[in-house]
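Enquirer: Here the sequence shown stands for residues 2 to 365, numbered as in the working numbering. Just so you know, even glycine gets a beta-carbon here, dropped at the ideal spot from N, CA and C. Every value quoted in this text rests on a predicted model; they were computed, and no experiment measured them. The structure follows.
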Amino acid sequence: KEAHYIYQAVYSGKISGNGAYTQKCQHFFQQKYGFSKALLTSSCTDALEMCGLLIDIKEGDEVILPSYTFVSTANAFMLRGAKLVFADCLASHPNLDTKQLVDLINPNTKAIVVVHYGGVACDMEPVLALAQQHQLYVIEDAAQAIDAYYQDQPLGSLGDLGTFSFHESKNIIAGEGGLLSINKPEFTQRAEIIWEKGTNRAAFWRGEVSKYEWLDIGSSYLPSEITAAFLYAQLENLDQIQQKRIQDWDLYYSLLSPLAPKIQLPIIPDYAQNNGHLFYIICTHREERKALIEFLKKNGILAVFHYLCLHQSPFFKDKHDGRSLPQAERFADCLLRLPMYYELKAEEIHLICQKIKAFYENRF
Ligand SMILES: *Cc1c(COP(=O)(O)O)cnc(C)c1O
2 KEAHYIYQAV YSGKISGNGA YTQKCQHFFQ QKYGFSKALL TSSCTDALEM
52 CGLLIDIKEG DEVILPSYTF VSTANAFMLR GAKLVFADCL ASHPNLDTKQ
102 LVDLINPNTK AIVVVHYGGV ACDMEPVLAL AQQHQLYVIE DAAQAIDAYY
152 QDQPLGSLGD LGTFSFHESK NIIAGEGGLL SINKPEFTQR AEIIWEKGTN
202 RAAFWRGEVS KYEWLDIGSS YLPSEITAAF LYAQLENLDQ IQQKRIQDWD
252 LYYSLLSPLA PKIQLPIIPD YAQNNGHLFY IICTHREERK ALIEFLKKNG
302 ILAVFHYLCL HQSPFFKDKH DGRSLPQAER FADCLLRLPM YYELKAEEIH
352 LICQKIKAFY ENRF
């Protein structure tokens, strides 16, 4: 229905933002996941930038975030002049090691940004407790975490703010697209103003004010109705898409289990519910991963590694405080993602796993 809804949006005569499809999508998220307000954005990157504006980051404020993440998690706060303090991963999972947070908090700390890696929840209880104790904002980068849960609570609904991505590499897609979830109602009015170039145009469209004016800083964060129309068709099929991905994930897991502990398989903690965003294995070292990537490539299978550590990046390495983050560095060196997309067939998963087994049989 994606093409059909785009056609409808075009023939309705309104394809700029905040129209009927945008409203439908936002309503869907508010209803299904209980966000107090949902605002569609052009990307998760935009939604993260809105978070930086909403929590009023100023020069000298510190923001704690994982090093093993996408650049957008960091850029959003760097753009506002924050000092970034990178945290390490758990040994068992690329998610943040919440035990290390307490040592990173100081009077300048303003926010903790968690990333739910692969759609698997971070352990939110200790994060929320620390945030409450030290009066910090919690922002969930839930880019990969649509329809994923922490102790039965939807991700993106636990922090003050949450951000999602509908980039075509994610579960639910719109080419490029994103969402800001607001769980503190006092943010809502200002968020709408920031979203609409710093004006109260959203209130004007609802007939609440007679003209719209410049009230605050902001930018153009809302997507066109063409994007929202595509997204709405995806949302109507959300359950089917999720079911298919989780089924594929489970098949990978069962076929590769016999290879453990030669390779490490993903761990889903008891408090988290899998959303089948990605399937990865963890190799023993970087050279082994490189050889496996080459071997799979020769067999027509594209498997790719994931993040490079931000604390070691060309842009940030001179700004980093020098702490080594050994788990993040290990995931950067050893984690390998296997093909995972809606059109993937079960027989292809069988073939991929057969090849991975062949690789390890020849190696040991
Ligand atoms: C994909 C992703 C983003 C960026 O999303 P865009 O919609 O492409 O801006 C940010 N953070 C994480 C963790 C992601 O996986």
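1. For ligand 1, list every residue whose C-beta falls under 6 Å from any of its heavy atoms, going in chain order.
2. Are the Cβ atoms of residue 321 and residue 87 separated by less than 8 Å?
3. Examine chain D for any beta-carbon lying closer than 8 Å to the beta-carbon of residue 30, and answer yes or no.
4. Pull the bridge partners of residue 88 from the DSSP assignment, please.
5. Could you give the residue range of the alpha helix (DSSP H) that holds residue 192?
6. Counting Cβ pairs closer than 8 Å, one from the segment 204–211 and one from the segment 177–188, do we hit at least three?
7. DSSP state of residue 297, grouped into three classes?
8. Taking residue 175 as the reference, which of 257, 225, 38, 330 has the closest Cα?
9. Cα-Cα, which of 266, 197, 157 is closest to residue 183?
10. For the beta strand (DSSP E) that residue 282 lies in, which residues bound it at each end?
11. Inspect the beta-carbon positions of residue 106 and residue 131 and report whether they are closer than 8 Å.
12. Report all residues from its chain with a CB closer than 6 Å to the CB of residue 127; omit the five preceding and five following residues, and keep chain order.
13. Could you tell me which uninterrupted beta strand (DSSP E) segments, each at least 3 residues in length, are contained entirely in the segment 158–233, listed from first to last along the chain?
14. Return the Cβ separation of residue 41 and residue 193 in integer angstroms, given the expectation that the two are a contact with Cβ distance under 8 Å.
15. Using the rule of at least 16 other Cβ atoms within 10 Å of the residue's Cβ for burial, across every protein chain shown, is residue 116 buried or exposed?
16. With a threshold of 8 Å, are at least 3 pairs of Cβ atoms found where one atom belongs to the segment 81–95 and the other to the segment 24–41?
17. Residue 327 and residue 89 - do their beta-carbons sit closer together than 8 Å?
18. Could you check which residue in 290, 74, 108 has the C-alpha nearest to that of residue 61?
19. So residue 141 and residue 120 are supposed to be a Cβ contact under 8 Å. How far apart are they, rounded?
20. Helix, strand or coil for residue 113, going by three-state DSSP, please let me know.
21. Does the beta-carbon of residue 303 have 16 or more other beta-carbons within 10 angstroms, so that it is buried, or is it exposed?
22. Is it buried or exposed, residue 4, if we count other Cβ atoms within 10 angstroms and call 16 or more buried?
23. Keeping to the same chain, check which residues put their C-beta closer than 8 Å to that of residue 254; ignore five residues upstream and five downstream.
24. Quick check: the segment 306–319 against the segment 213–227, are there 3 or more CB pairs under 8 Å?
25. Can you tell me whether residue 278 is buried or exposed, with buried defined as 16 or more other CB within 10 angstroms of its CB?
26. When we look at the beta-carbon of residue 258 and count the other beta-carbons within 10 Å, is it buried (16 or more) or exposed?
27. If you drop the 5 nearest sequence neighbours on each side, which residues of the same chain put their C-beta closer than 7 Å to that of residue 15?
28. By the three-class DSSP mapping on this structure, what secondary structure does residue 272 have?
29. Apart from the five residues just before and just after residue 53, which ones in its own chain have a Cβ nearer than 8 Å to its Cβ?
30. Alpha carbon to alpha carbon, how far is residue 195 from residue 25?
31. Could you pull out every residue in the same chain whose Cβ sits closer than 7 Å to the Cβ of residue 269, ignoring the five residues on either side in sequence?
Expert: On the basis of the coordinates in this document:
1. 44, 45, 46, 70, 71, 73, 74, 116, 142, 144, 145, 166, 168, 179
2. Mapped onto the sequence shown, residue 321 falls at position 320. Mapped onto the sequence shown, residue 87 falls at position 86. Contact flag set, yes.
3. No chain D is present in this structure, which holds just one protein chain.
4. The sequence position of residue 88 within the sequence shown is 87, counting from 1. Residue 88 is bridged to 67.
5. Sequence index remark: in the sequence shown, residue 192 carries index 191 (1-based). Where residue 192 is concerned, the enclosing alpha helix (DSSP H) stretches over 189–196.
6. no
7. Working through the sequence shown from its first residue, we reach residue 297 at position 296. If DSSP states are grouped into helix, strand and coil, residue 297 belongs with the helices.
8. Counted from its first residue, the sequence shown places residue 175 at position 174. Answer by Cα proximity: 225.
9. Taking the first residue of the sequence shown as position 1, residue 183 is located at position 182. Closest by alpha carbon: 157.
10. Here residue 282 corresponds to residue number 281 of the sequence shown, with the count starting at 1. That run of the beta strand (DSSP E) goes 280–283.
11. Within the sequence shown, residue 106 is the residue found at index 105, counting from 1. Within the sequence shown, residue 131 is the residue found at index 130, counting from 1. For residue 106 and residue 131, yes; Cβs fall inside 8 Å.
12. Taking the first residue of the sequence shown as position 1, residue 127 is located at position 126. Around residue 127: 99.
13. 162–166, 179–183
14. On the sequence shown, residue 41 is found 40 positions in, with the first residue counted as 1. On the sequence shown, residue 193 is found 192 positions in, with the first residue counted as 1. Wrong, their Cβ atoms sit about 12 Å apart, outside the cutoff.
15. By one-based count along the sequence shown, residue 116 stands at place 115. Classification of residue 116: buried, given that the 10 Å Cβ count is 16 or more.
16. no
17. As a working mapping, residue 89 is identified with position 88 in the sequence shown. As a working mapping, residue 327 is identified with position 326 in the sequence shown. Yes. Within cutoff.
18. Reading the sequence shown from its first residue, position 60 is the one you call residue 61. Nearest option by C-alpha distance: 108.
19. Within the sequence shown, the letter at position 140 stands for residue 141. Within the sequence shown, the letter at position 119 stands for residue 120. In fact, because the Cβ distance is near 12 Å, the residues do not count as touching under 8 Å.
20. As a position in the sequence shown, residue 113 is number 112, starting the count at 1. If DSSP states are grouped into helix, strand and coil, residue 113 belongs with the strands.
21. Indexing the sequence shown from 1 puts residue 303 at position 302. Residue 303 should be labelled exposed.
22. Here residue 4 is taken as the residue at index 3 of the sequence shown, counted from 1. The residue in question, residue 4, is exposed, as its Cβ has fewer than 16 Cβ neighbours within 10 Å.
23. Counting from one through the sequence shown, the residue named residue 254 turns up at place 253. Answer for residue 254: 266, 267, 280, listed in chain order.
24. no
25. The residue given as residue 278 occupies position 277 in the sequence shown. Its Cβ being crowded by 16 or more others within 10 Å, residue 278 is buried.
26. Start at 1 with the first residue of the sequence shown, and residue 258 comes out as number 257. Exposed, since its Cβ has fewer than 16 Cβ neighbours within 10 Å.
27. Stepping through the sequence shown from its first residue, residue 15 is reached at position 14. Excluding sequence neighbours, residue 15 sits near 226.
28. By 1-based counting over the sequence shown, the position of residue 272 is 271. In the structure shown, residue 272 sits in coil (DSSP, three-state: anything other than H, G, I, E or B).
29. Your numbering for residue 53 matches position 52 in the sequence shown. Contacts found: 77, 78, 80, 81, 83.
30. On the sequence shown, position 194 is the one that residue 195 refers to. On the sequence shown, position 24 is the one that residue 25 refers to. Residue 195 and residue 25: Cα-Cα distance of roughly 21 Å.
31. As a position in the sequence shown, residue 269 is number 268, starting the count at 1. Excluding positions up to five away in sequence, the list reads 121, 275.
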